[in-house]
Each structure stands twice: as structure tokens, then as C-alpha cells.
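Residue numbers for the sequence shown follow this note's numbering, beginning at 1438 and rising by one. Glycine residues also receive a C-beta, built at the ideal position from the N, C-alpha and C atoms.
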Amino acid sequence: MEQHSDGLRVMVIDDSKTIRRTAETLLKKVGCDVVTAVDGFDALAKIADSHPRIIFVDIMMPRLDGYQTCALIKNNSAFKSTPVIMLSSKDGLFDKAKGRIVGSDQYLTKPFSKEELLGAIKSHVPDFIPVEQAS
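Shown next, in the form of C-alpha cells:
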């Protein structure tokens, strides 16, 4: 049975309010339930309560960066199968390789498009069906 994206819980972790708000707006328009966090510590506190199906995490953040956050998520048996998509304004090979080493599932370069966000979700959460926009 296919699950409608209503309630598909997505977490967006970024210290930039603009990025969080942009991703949240795009995802809510297609029916996702979005949980945001300002950094890795904030995210780790919220993950256990919210149980997101997919997580987008910025690499460059204060206190706990995206690599550390991803490694902590992937080292937790309850969340190691949760897809983690790294977000970065850097498009370097080293950054992508480091993301793979800590267990990330994909890498998106900022600024990202709606299509890139939805594409990442569709490839990692196969039962996701975006809600069509009512016109």
C-alpha cells in the first residue's frame, strides 16, 4: 500500500534561518511534516521524539558540524537506516568523500531547487508521493 506524503516526517538541520525556512516551505507544500533544528545538538535532541524518515543536514554549523551530526545519527542503531542528505555550499570532492565516510546517503549543493529536494526524498523514501498543488 502506498503511503501519501501526508505526515512524511522530514528533518532539516541548518544554522541558516533562510535555508531552514526555504526547505520547510517547499516541503510543506508537497505535504511533508517538517521538523527543523538549528544545529547538531538541537537535532539530536529532536530526532528521538520526531523519528524523521529522512534528514537533511548542513555541513558547516557551529558546535556540532554536519559530519559529526551525521556520524552520531548513523552510529545510533535506531536511526542508522534513516537516510541523511548533506547540504553544503561547497561542491568539492573532498567534502563529498568525507560525507560518504561518515555515512551520508547523498550530497546536495546549496542553493538547492525544489526538484533536487524532492528527488532526494523520492530516491531514499520510495513510498513518498508528493501532494499535488491545489490550483
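Runs of beta strand (DSSP E) with 3 or more residues, each lying fully within the segment 1479-1554, are found at 1491-1495, 1521-1525 and 1543-1546, listed in chain order. Boundaries of the alpha helix (DSSP H) harbouring Ile-1456: 1454-1466, taken from the DSSP string. With distances taken between CA atoms, Glu-1552 lies nearest to Val-1467 out of Val-1467, Gly-1444, Met-1523 and Arg-1457. Less than 8 Å separates the beta-carbon of Gln-1543 from that of Ile-1522. Under the three-state reduction of DSSP, Ile-1566 is assigned to coil, being neither helix nor strand.
In the DSSP assignment, Val-1475 falls outside any beta strand (DSSP E) and carries neither an H nor an E.
Judged by beta-carbon spacing, Asp-1495 lies within the 8 Å limit of Asp-1451, meaning their Cβ atoms are closer than that value. Per DSSP, Asp-1451 has no beta bridge partner at all.
In this structure, the beta-carbon distance from Leu-1445 to Cys-1469 falls below 8 Å. Each residue's CA atom was taken as its position, placing Glu-1461 and Ser-1525 some 17 Å apart.
In this structure, Leu-1464 sits near Val-1471, with a CB-CB distance shorter than 8 Å. Counting C-beta atoms within 10 angstroms of its own C-beta, Ala-1482 has fewer than 16 neighbours from the protein chains shown and is therefore classed as exposed.
Minimum Cα-Cα distance from Met-1497 among the listed residues Asp-1532, Pro-1567 and Asp-1564 corresponds to Asp-1532.
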